[in-house]
Amino acid sequence: MDLSSISDKQICQLLMAGDDDAFLEYVKRYGEYAGLIILRLTGKLISEKERAAAAWKALYIVQDTLANHMHPQEITDDTLRSKTAETAQKIALVIWRRKQMELR
5 MDLSSISDKQ ICQLLMAGDD DAFLEYVKRY GEYAGLIILR LTGKLISEKE
55 RAAAAWKALY IVQDTLANHM HPQEITDDTL RSKTAETAQK IALVIWRRKQ
105 MELR
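Be aware that the sequence shown starts at 5, since it is given in my numbering, and climbs by one per residue.
Okay, here's the thing in structure tokens:
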């Protein structure tokens, strides 16, 4: 199934249902965002593996913030204190803002 043409909202719905293809599409999309955000902030390119890790952590941050009605920058879990996690938090902020606009 080609997921490249469906919306981010549909990807997230499939993700929550446990669809593996949706997870791969999510990592691809948000991994690209991660790479662009890091390039813009630091001027450095990161590997595909680092982008995927940041996208994966961003998903957890977004889930936590939506479930607890929080802002992504309020997440203070010690496991998120790493360079990848900081990137994930920035990506999560972008995703969170998009989700807030969808909910309006």
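Glycine residues also receive a C-beta, built at the ideal position from the N, C-alpha and C atoms.
Remember, predicted model here, so these are calculated numbers, not experimental data.
- Message: Considering only their Cβ atoms, is the gap separating residue 7 from residue 24 smaller than 7 angstroms?
- Response: As a first step, residue 24 must be located in the sequence shown, where it is residue number 20. As a first step, residue 7 must be located in the sequence shown, where it is residue number 3. Not a contact, by the Cβ cut-off of 7 angstroms.
- Contact belief for residue 34 with residue 19 at Cβ below 8 angstroms, rounded distance in angstroms: In the sequence shown, counting from the first residue as 1, residue 34 sits at position 30. In the sequence shown, counting from the first residue as 1, residue 19 sits at position 15. With a Cβ gap of about 11 angstroms, residue 34 and residue 19 do not count as contacting.
- Look up residue 15 in the DSSP assignment and say whether it is helix, strand or coil. On the sequence shown, position 11 is the one that residue 15 refers to. Three-state result, residue 15: helix.
- Near residue 10, which residues of its chain fall below 6 angstroms by C-beta distance, leaving aside the five closest residues on each side in sequence? To locate residue 10, count along the sequence shown from 1; it is residue 6. Closer than 6 angstroms at Cβ, skipping near neighbours: no residue.
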